[in-house]
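Have a look at the structure below, then the notes.
Number of protein chains: 2
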Amino acid sequence: MSSRRDVLSFAILGVLGDGPQHGYELRKRLTTVLGPFRALSYGSLYPALKRMNATGLIEEESLTPATESTAPALSGRRARIVYAITAEGKEIFGEWANKPGPEAWEDEGFAAHLAFFSATEERTRLRILEGRRSRLEERVEALRESLTRGKERVDAYTLQLQQHGLEGAEREVRWLTELIDQEKVTQER
Amino acid sequence: MSSRRDVLSFAILGVLGDGPQHGYELRKRLTTVLGPFRALSYGSLYPALKRMNATGLIEEESLTPATESTAPALSGRRARIVYAITAEGKEIFGEWANKPGPEAWEDEGFAAHLAFFSATEERTRLRILEGRRSRLEERVEALRESLTRGKERVDAYTLQLQQHGLEGAEREVRWLTELIDQEKVTQER
DNA sequence: TTCGTCATGTAATGGGTTACATGATTAC
DNA sequence: GTAATCATGTAACCCATTACATGACGAA
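Residue numbers (our numbering), protein chains in the order written: chain A, 57 to 245; chain B, 57 to 245.
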């Protein structure tokens with residue numbers, strides 16, 4: 057129900073929520089937003105836009121993108137295809153943002169959710185953050201286990217790699233705890 | 057010249073360097089070794105073993121795996137197929153370990169190299185570690201740029217995500233520097 | 001004039017996960 | 001008895017990257 061492809065769709069919908077955009081620009085935004093969690097090639101973006109247009113989540117517009125009102129509108133360059141989110145698209149996006157499934161605790165899904173947290177209700181935000189933290193606490197536990205109770209002796213380098221991985225996961229948990237605390241303070245007001 | 061598939065092959069050769077193994081056990085080792093950089097399903101492992109057997113990098117053995125000499129040999133359980141590294145496999149592995157290509161700076165490739173550093177010559181170790189550090193320094197630079205010179209204002213959550221990502225990359229660089237220093241001290245003796 | 005960026009798109013290629021199939025054994 | 005682990009393997013399914021195709025504009 058929430059494939060890799062779906063996450064991409066939601067991310068696109070999220071960006072289009074700020075105004076119509078064309079593929080090339082969309083890709084830059086998505087790269088910023090999904091960052092290191094998800095690379096994005098044109099070979100997957102353009103087909104995604106076609107699909108979503110066909111399904112009615114987005115629609116083609118002939119307008120100049122909102123963010124470029126200052127720039128020389130389509131100054132001679134190749135024609136752009138500008139997409140806008142539809143009413144249906146907004147609904148689907150809202151559902152995704154506010155009724156998160158298990159994908160919200162995974163690396164990629166979590167990053168996508170966080171990127172569009174402004175579209176998520178306060179209570180749901182907390183649920184997502186806490187779910188993500190639980191997931192990472194499990195990872196920490198697993199790594200600790202394999203480091204202490206690990207029977208197979210590994211060489212010094214592998215050990216350092218594992219140790220480093222563990223510290224990274226612990227750091228992740230601390231970060232999430234900070235976010236959760238911040239969120240609680242905000243919500244108490 | 058070094059696809060995702062190749063990295064898997066090298067990792068398998070690396071583990072088999074410690075003695076013959078069968079697929080099921082191999083998977084556990086590889087999961088420990090490649091850890092979070094690379095998940096491994098049977099659907100990719102078993103075919104890989106077949107391929108490598110066909111190419112002559114490994115060969116089937118009917119022996120009980122070395123590490124299980126104490127266990128009741130094949131105690132009624134389903135027959136295992138034990139694979140051992142061949143002379144050719146050893147040569148290919150040695151080449152990979154000591155003549156690293158650009159894949160050695162990438163996430164997955166680096167993890168694989170580090171996992172089998174004991175098979176790598178001292179000078180080459182330093183080259184790999186330094187190459188990896190350079191790669192990460194580039195990442196740090198890129199993240200810093202997008203955080204300071206970033207024109208598009210992002211919301212607070214995205215900002216914190218990016219900030220967190222930057223700190224993670226910086227931490228990575230520090231870790232590598234430690235490893236490099238250690239390595240230099242070791243080599244000076 | 002040449003290189004970088006803008007801009008869209010398709011085809012070839014490669015490769016991974018999940019689900020399914022099968023069946024024994026061990027621990028609770 | 002029943003759940004977990006051992007153990008191998010295949011097929012269906014899904015999907016992404018890279019290379020290629022095309023073409024214009026702006027800057028050096």
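The beta carbon of each residue, even a glycine, is placed where N, CA and C say it ideally should be.
Contacting residues, own chain, Cβ-Cβ under 7 Å from residue i (five flanking each side not counted)
i      : result
A122/A : Because A122/A sits at a pLDDT of 45, beneath the cut-off of 50, its placement in the model cannot be relied upon, and the following sentence gives the value as read from the coordinates. So the qualifying residues of the chain are G75, P76.
D163/B : F93
T87/A  : L96
S125/B : Confidence at S125/B is low in this model, with a pLDDT of 42, below 50, so the placement of that residue should be treated as unreliable; the coordinate-derived value is given next. So the list is empty, once near-sequence residues are dropped.
Delimiting residues of the alpha helix (DSSP H) encompassing residue i
i      : result
A198/B : 178-204
A67/B  : 60-72
I236/A : 212-244
A110/A : 98-111
R85/B  : 79-90
Where the beta strand (DSSP E) containing residue i begins and where it ends
i      : result
E159/A : Segment: none, E159/A is in no beta strand (DSSP E) and carries neither H nor E.
I114/B : 114-117
A175/B : A175/B -> no beta strand (DSSP E), and no H or E assigned at all.
A135/B : Looking at the DSSP string, A135/B is not in any beta strand (DSSP E), and its letter there is neither H nor E.
7 Å Cβ cut-off: residues of chain A touching residue i
i      : result
Q77/B  : Those within 7 Å of Q77/B in chain A number zero; the least Cβ separation is about 12 Å.
W231/B : H220
L64/B  : The contacting residues do not exist; L64/B stays about 17 Å from chain A at best.
L101/B : The premise fails here: L101/B is roughly 18 Å from chain A at the closest Cβ pair, so nothing lies under 7 Å.
Same chain, Cβ closer than 6 Å to residue i, five either side skipped, listed in chain order
i      : result
I68/B  : none
E159/A : S58, G165
A175/A : A153
E177/B : N154
W161/B : G187, R188, R191
R136/A : H78
R243/B : According to the sequence shown, residue 243/B is Gln rather than Arg. Hits under 6 Å: E178.
Beta-carbon gap between residue i and residue j smaller than 8 Å
i      : j      : result
H169/A : I148/A : no
G224/A : G224/B : yes
L90/B  : A167/B : yes
L64/B  : A110/B : no
E194/A : V229/A : no
G112/A : E144/A : yes
V196/B : L222/B : yes
F173/A : Y213/B : yes
Interface partners of residue i on chain A, CB under 9 Å
i      : result
Q218/B : T88, G91
Closer than 9 Å at the beta carbon, the chain B residues around residue i
i      : result
A167/A : L217
F173/A : D211, A212, Y213, T214
L82/A  : Under the 9 Å cutoff, chain B gives no residues; its nearest Cβ is about 13 Å from L82/A.
L182/A : Correct list: empty, because the minimum Cβ distance to chain B is about 13 Å.
Cutoff 8 Å; reference residue i; Cβ partners in own chain excluding five residues on either side
i      : result
Q219/B : L203
I236/A : L182, L185, E186, R189
I114/A : I68, L69, L72, L105, M108, Y139, A140, I141, T142, G145
E239/B : E178, R181, L182, L185
R85/A  : V71, Q77
T233/A : R189
R227/B : none
A171/A : A67, G70, V89, L90
L199/A : Q218, G221, L222, A225
G132/A : For G132/A, the pLDDT reaches just 45, beneath the cut-off of 50, and the residue's location in the model is therefore unreliable, although a value from the coordinates is still provided. Nothing listed; no residue qualifies.
Cross-chain neighbours of residue i in chain B, by beta carbon under 8 Å
i      : result
S97/A  : What S97/A touches in chain B: nothing, since even the nearest Cβ is about 16 Å away.
L170/A : Y213, T214, L217
L69/A  : Simply none; closest approach about 16 Å.
L105/A : Under the 8 Å cutoff, chain B gives no residues; its nearest Cβ is about 20 Å from L105/A.
Neighbour list for residue i in chain A, Cβ cutoff strictly below 8 Å
i      : result
S202/B : T88
G224/B : G224, R227
L72/B  : Neighbours of L72/B on chain A: none; closest Cβ ~15 Å, over 8 Å.
L192/B : Under the 8 Å cutoff, chain A gives no residues; its nearest Cβ is about 11 Å from L192/B.
Neighbour list for residue i in chain B, Cβ cutoff strictly below 7 Å
i      : result
L113/A : Chain B residues near L113/A: none, gap ~22 Å exceeds 7 Å.
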